[in-house]
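Each remark here refers to the structure printed beneath this line.
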Amino acid sequence: KQEVTQIPAALSVPEGENLVLNCSFTDSAIYNLQWFRQDPGKGLTSLLLIQSSQREQTSGRLNASLDKSSGRSTLYIAASQPGDSATYLCAVRSNSGYSTLTFGKGTMLLVSP
Amino acid sequence: GAGVSQSPSNKVTEKGKDVELRCDPISGHTALYWYRQSLGQGLEFLIYFQGNSAPDKSGLPSDRFSAERTGGSVSTLTIQRTQQEDSAVYLCASSLLSTGNTIYFGEGSWLTVV
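From first to last, the protein sequence lines are chains B and R.
If you're matching positions, the first sequence starts at 24 in my numbering and goes up one per residue.
If you're matching positions, the second sequence starts at 181 in my numbering and goes up one per residue.
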């Protein structure tokens, strides 16, 4: 059974810092990995999708990497802003069964001005 | 539509009553998913639809929970005889057919059972 772990559970940084969020998964047989953002009281917003054959994806100040063999992904946020404050969720789509997403519990990020 | 639409956005119901939650996926998306998010918990998979069929119902927590999808579009999640532990946010998501595609979520239906 796939298990996804996110470290740290919470992170507080001053505005302007670069930061890294970590995600690890136990079964490397995956189709892809997706990073989401969730604001309080809201649904999930997709940030980046990395296919199993890819090493990284970039969107603006966000860069996500994937090392499938070691079961790890990182989300790098450059020059953090207060508007980046949210919970960041990592989800893995396994290639066994019907390939639904398995989520980590998220990293709660607070960027202070 | 432009995004995944869910209704109601908030629902307060009395213990023992039945509730129906509706999901309208992005137009053209054949895959539809229901997840549940309880306070302080991660997202829990409930059920997956491909078209109108549900090949994976493994996440439904009890026989009080059921879901259907008609016309390959709108889906309804029904909870019968609600219990307080059913209080959670119920999130719907959709994607194109291929497993390589991005999954898009709705804003969720916040259910409180009193």
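Backbone N, C-alpha and C define an ideal beta-carbon position, used for all residues, glycine too.
Quick one: what's residue i bridged to in DSSP?
i	result
B/Asn55	B/Gln74 and B/Arg116
B/Val36	B/Val134
R/Ile227	R/Trp214
R/Asn190	R/Trp290
B/Thr110	B/Gln61 and B/Met131
R/Asp204	R/Ser185
B/Asp90	B/Arg95
R/Leu271	R/Tyr215
B/Leu124	B/Arg116
B/Thr49	Partner(s): none; B/Thr49 has no beta bridge.
B/Ser69	B/Phe59
B/Leu85	B/Ser82 and B/Ile100
R/Leu240	In the DSSP output, where bridge partners are listed per residue, R/Leu240 has none listed.
Pop quiz: residue i and residue j are said to be a contact at Cβ under 8 Å. What is the actual Cβ separation, rounded to whole angstroms?
i	j	result
R/Thr256	R/Arg216	The Cβ separation is near 15 Å, so there is no contact.
B/Ser75	B/Tyr54	6 Å
R/Gln260	R/Asp198	5 Å
R/Thr258	R/Ser242	Rounded, the Cβ-Cβ distance is 12 Å, inconsistent with contact.
B/Ser82	B/Leu70	7 Å
Out of the options, state which residue places its alpha-carbon closest to the alpha-carbon of residue i.
i	options	result
B/Gln25	B/Leu124, B/Glu38 and B/Gly64	B/Leu124
R/Thr250	R/Cys272, R/Gln230 and R/Ile283	R/Gln230
R/Asp266	R/Gly196, R/Pro188 and R/Tyr213	R/Gly196
R/Cys272	R/Trp290, R/Arg244, R/Asp243 and R/Gly280	R/Trp290
R/Gly183	R/Gly288, R/Val199, R/Thr292 and R/Val294	R/Gly288
B/Ile30	B/Pro105, B/Val43, B/Ile73 and B/Ser119	B/Val43
B/Tyr99	B/Arg116, B/Ser35 and B/Asn45	B/Asn45
R/Ala234	R/Leu212, R/Gly222, R/Ser242 and R/Val254	R/Leu212
R/Glu248	R/Asn232, R/Gln260, R/Ile206 and R/Ile283	R/Asn232
R/Gln186	R/Asn281, R/Phe225 and R/Ser253	R/Ser253
B/Pro136	B/Gly66, B/Asp107 and B/Cys113	B/Asp107
B/Tyr111	B/Arg60, B/Ser35 and B/Val36	B/Arg60
B/Pro105	B/Gly83, B/Gly129, B/Leu133 and B/Thr68	B/Leu133
R/Ala268	R/Asp204, R/Leu223 and R/His209	R/Leu223
B/Thr28	B/Ser119, B/Ala114 and B/Asn118	B/Ala114
B/Glu40	B/Leu85, B/Ser117 and B/Gly66	B/Leu85
B/Lys128	R/Lys191, R/Ser218, R/Thr210 and R/Ser207	R/Ser218
B/Ser47	B/Ser92, B/Lys65 and B/Asn118	B/Ser92
R/His209	R/Leu276, R/Thr292 and R/Asn190	R/Leu276
B/Gly56	B/Thr97, B/Ala102 and B/Ser103	The sequence given here has Leu at residue 56 of chain B, not Gly. B/Leu56 has its Cα closest to that of B/Thr97, out of B/Thr97, B/Ala102 and B/Ser103.
B/Leu67	R/Gly280, R/Ser274, R/Val192 and R/Thr292	R/Ser274
R/Thr282	B/Arg116, B/Ala32 and B/Thr130	B/Arg116
Strictly below 8 Å CB to CB, what residues from chain B border residue i?
i	result
R/Thr282	Gln57, Ser69 and Leu72
R/Leu257	The premise fails here: R/Leu257 is roughly 15 Å from chain B at the closest Cβ pair, so nothing lies under 8 Å.
R/Tyr213	Thr123 and Leu124
R/Leu271	Gly66 and Leu67
Against residue i, what residues of chain B qualify as contacts under a CB-to-CB distance less than 7 Å, listed in chain order?
i	result
R/Gly288	Gly66
R/Phe285	Gly66 and Leu67
Whose Cβ in chain R lies nearer than 7 Å to the Cβ of residue i?
i	result
B/Lys128	Gly222
From what residue to what residue does the beta strand (DSSP E) around residue i run?
i	result
R/Ser246	Phe245 to Arg249
R/Pro235	Ser233 to Asp236
B/Ser103	Neither: B/Ser103 is in no beta strand (DSSP E) and is coded neither H nor E.
B/Ser82	Glu79 to Ser82
R/Glu265	Element bounds for R/Glu265: n/a, residue is neither H nor E.
B/Ile30	Val27 to Ile30
R/Ser255	Ser255 to Ile259
Interface residues of chain B around residue i at Cβ under 9 Å?
i	result
R/Phe225	Thr123, Leu124, Thr125 and Phe126
Distance cutoff 7 Å, beta carbons only. Does residue i sit that close to anything in chain C?
i	result
R/Tyr228	Among the protein chains in the structure shown, which are B and R, there is no chain C.
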